[in-house]
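So for the sequence shown, our numbering puts the first residue at 2; every next one is plus one.
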Amino acid sequence: MAKLVVISNRVAVPKARGAAGAQGGLAGALNSALRKHGGVWFGWSGQESEEGAGGGINTQTHDGVTTATVDLSKRDIDEYYNGYANATLWPLFHYRLDLTEYERETGKGYERVNEAFAEAVTPLIEEDDLVWVHDYHLIPLGERLRSRGITNRIGFFLHIPWPPTRLFVSLPYHERLVRTMLQYDLVGFQTQEWLDSFLHYCTKELGAEVDEATGSVTLDGRTVTAKAYPIGIDWDHFHAQGDSGESRQAEQRLLSSTRHRIAMIGVDRLDYSKGLPERIDGIGRFFDQHPERVRDLVYIQVAPPSREDVESYQQIRALLEQKTGQINGARSEVDVVPIRYVNRGYTHAQLYGFFRAAKIGLVTPLRDGMNLVAKEYVAAQDPEDPGVLILSRFAGAAHQLEDAVLVNPHSPDDVADAIGRALDMKIDERRERYEKMVGTVRDDNVQKWTADFVRDLTG
Ligand code: ADQ
């Protein structure tokens, strides 16, 4: 069986046995795929050093999986990571032209780091290895590997949306970027919608020959297959977390602190794509329309900060604090505070407990490649007395979870109506909706996602 070489911006260095449970779904699934095939996981260590990626590779092996990491220089982190990846590609791919920065210098930094990654990882790739590159940080990496004579099968998976052609063409050198993608053998997207946008671009802007039925894209004599592979959660691992004392304690803690009120929960990285201020507006609208229901409902927002070096992320944090403060200021009583805003992360075991205690899960990104929180919320429900998932139509997950209460996250009225519906929903309807969703959450899990991609990459 061919060895697998996984390449991503960051590497989750596997902990020694016993501590492995602390890893998230994606890291766990990639680790198990790497263990199965034997393999290497290459990427940035998360550390800054003066020499950067040229300073050498640090390798570690645990449980049959080798991780190989390089550091980045301050300039690389500024230009490649905070700059082009997170201030240009991330907002653009989430349809936020208003937040997208176009700087030639950061674009050069992006290409420089991709080149340095290719240089560092090439000696690790042996004949017949399968190479799997992840996400928007590393789009041109496959082409950089090809230029070094790597002829192995190379696949790429995009974890975030692919924007419509009309938005995408605002990116300077967009054609150059997409042409590099045609150097892969397999390109994966989360949903058919993002795949369609990609194929549309290839047809209209590159004049490529596209077969929509098979996803094959041919240009200048090279053919790449593009296909949708919806990512899922690690169902077994997540349920094992739910069985722990830590999880039950978290559930009890939430239940006893909310007492007669129904808890509604949101768990998101603090990111403008997650629609947090818009969500708070929807909750505010609900309380405006039903002031008495402040005694029925408490909203808990768990949002640990991320990418704090990027200005738009500092702004979103300030805006969220301001909006939450306004509602709490206007509607709190001595014994009732409508919104609890928690600025930290929790373990998956604790999140499982919170999800189970919360009778409404509110997941309203303005745009999201998939959104695993929606799937985790469903997975954590009590089948006999499940809660209600309110889900944005613009999350990739909405394509699979059609029986959630789907909302337009831009409309405070729509979100407010959905909250009212969820609060009053009878047990029969809650069960019916849950039963329709839980099968796909369980079966279309992260192991299936990994196996499907690797099977197609093997060809
Ligand atoms: P993210 O944008 O990070 O992922 P998501 O898919 O929701 O979004 O995954 C977040 C993960 O982090 C979940 O497992 C969640 O439980 C965890 N998490 C979130 N908040 C947390 C907190 N406060 N404490 C602890 N854990 C927390 C990107 C794309 C998504 C895509 C995934 C996977 O943006 O669209 O679904 O990759 O491909």
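Beta carbons: idealized from backbone N, C-alpha and C, even for Gly.
Coarse secondary structure for residue i, derived from DSSP in three states
i: Q250; result: helix
i: M265; result: strand
i: I284; result: helix
i: T61; result: With the sequence shown as reference, residue 61 is identified as Gln, and Thr is not the correct amino acid for it. Strand.
i: W45; result: strand
i: G22; result: With a pLDDT of 41 at G22, under the threshold of 50, the modelled position of this residue cannot be trusted; read the value that follows with caution. Three-state result, G22: helix.
i: V389; result: strand
i: I140; result: coil
i: V122; result: helix
i: L131; result: strand
i: G40; result: strand
i: E334; result: strand
i: A3; result: coil
i: P92; result: helix
i: A17; result: Reliability of the predicted coordinates at A17 is poor, the pLDDT of 44 falling under 50, and the value obtained from them is presented with this limitation in mind. A17: coil per DSSP, three-state reduction.
i: R145; result: helix
i: S9; result: strand
i: V170; result: coil
i: G326; result: helix
i: R154; result: strand
Other residues of its chain near residue i: CB distance less than 7 angstroms, five sequence neighbours each side excluded
i: V175; result: Per the sequence shown, residue 175 should be read as His rather than Val. If we look at H175 and ignore the five residues flanking it on each side, its Cβ neighbours are F169.
i: Y85; result: T107, G108, G110 and Y111
i: L142; result: I8, N115, F118, A119 and V134
i: M426; result: V389
i: S274; result: H95, P366, L367, R368 and D369
i: Q290; result: A417
For residue i, the residue or residues it bridges with in DSSP
i: D212; result: S217
i: S245; result: S245 pairs with nothing; no bridge assigned.
i: A227; result: V188
i: T67; result: V41 and T62
i: Y300; result: M265 and I340
i: L1; result: The displayed coordinates of the chain run from 2 to 460. Any statement about residue 1 would go beyond what the structure contains.
Rounded C-alpha distance that separates residue i from residue j
i: G354; j: G362; result: 13 angstroms
i: D110; j: L298; result: Sequence inspection shows Gly at residue 110; the Asp mentioned does not correspond to that position. When rounded, the distance between both Cα atoms is 48 angstroms.
i: W1; j: L458; result: Because the chain is modelled from 2 through 460, residue 1 falls outside the range shown and cannot be assessed.
i: E375; j: F239; result: Reading off the sequence, residue 375 comes out as Ala, not Glu. C-alpha separation (whole angstroms): 13 angstroms.
i: Q382; j: V114; result: 43 angstroms
i: G19; j: A241; result: At G19, the pLDDT of 38 sits below 50, so the modelled position is not reliable; the number obtained from the coordinates is stated separately. Looking at the two C-alpha atoms, the distance is approximately 14 angstroms.
i: A264; j: G460; result: 48 angstroms
i: D197; j: R177; result: 20 angstroms
i: Q253; j: A117; result: 49 angstroms
i: G57; j: S74; result: 12 angstroms
i: T181; j: N83; result: 22 angstroms
i: S171; j: W163; result: 13 angstroms
i: A17; j: I428; result: At A17 the pLDDT is 44, less than 50, meaning the model places this residue with poor confidence; the figure from the coordinates comes in the next sentence. One C-alpha to the other measures close to 44 angstroms.
i: L407; j: E51; result: 48 angstroms
i: Q467; j: P306; result: What is shown of the chain runs 2 to 460, which leaves residue 467 out entirely.
i: A88; j: V225; result: 28 angstroms
i: G222; j: R249; result: 58 angstroms
i: F158; j: T259; result: 41 angstroms
i: G285; j: I266; result: 15 angstroms
i: D453; j: L93; result: 28 angstroms
i: T70; j: N59; result: 5 angstroms
i: R76; j: R105; result: 14 angstroms
i: G243; j: K228; result: 33 angstroms
i: T166; j: D79; result: 28 angstroms
i: A358; j: T441; result: 22 angstroms
i: G208; j: L220; result: 8 angstroms
i: A214; j: Q193; result: 12 angstroms
Residues of its chain near residue i, where Cβ-Cβ distance is below 6 angstroms and the 5 sequence neighbours each way are ignored
i: M371; result: Q191, I232, G397 and A398
i: T365; result: G276, R280, S393 and P410
i: G22; result: In this prediction, G22 scores a pLDDT of 41, lower than 50, which makes its location untrustworthy; no coordinate-derived value is stated.
i: V14; result: T68
i: A304; result: D269 and L271
i: L320; result: P278
i: R147; result: Q184
i: L31; result: V7
i: R341; result: I301
i: H138; result: N10 and A86
i: S245; result: A350
i: A28; result: A13
Neighbourhood of residue i by C-beta distance below 8 angstroms, restricted to the same chain and skipping five residues each side
i: V295; result: F288, R332, E334, V337 and P339
i: S412; result: G283
Min CB distance residue i to chain C below 8 angstroms
i: P165; result: Here chain C cannot be found, since the structure has a single protein chain.
With three or more beta-carbon pairs closer than 8 angstroms as the criterion, would you say the segment 431–447 touches the segment 197–217?
Touching, no.
Segment contact, 8 angstroms Cβ cut-off, at least three pairs: the segment 386–394 with the segment 304–312
Under the 8 angstroms Cβ criterion, the segment 386–394 does not count as touching the segment 304–312, having fewer than three qualifying pairs.
Quick check: the segment 29–45 against the segment 119–130, are there 3 or more CB pairs under 8 angstroms?
Flag = yes, the segment 29–45 and the segment 119–130 touch.
Three CB pairs or more closer than 8 angstroms across the segment 152–168 and the segment 128–144
Touching, yes.
Using 8 angstroms as the Cβ pair cut-off and three pairs as the minimum, do the segment 55–72 and the segment 27–42 touch?
Under the Cβ criterion (8 angstroms, minimum of three pairs), the segment 55–72 counts as touching the segment 27–42.
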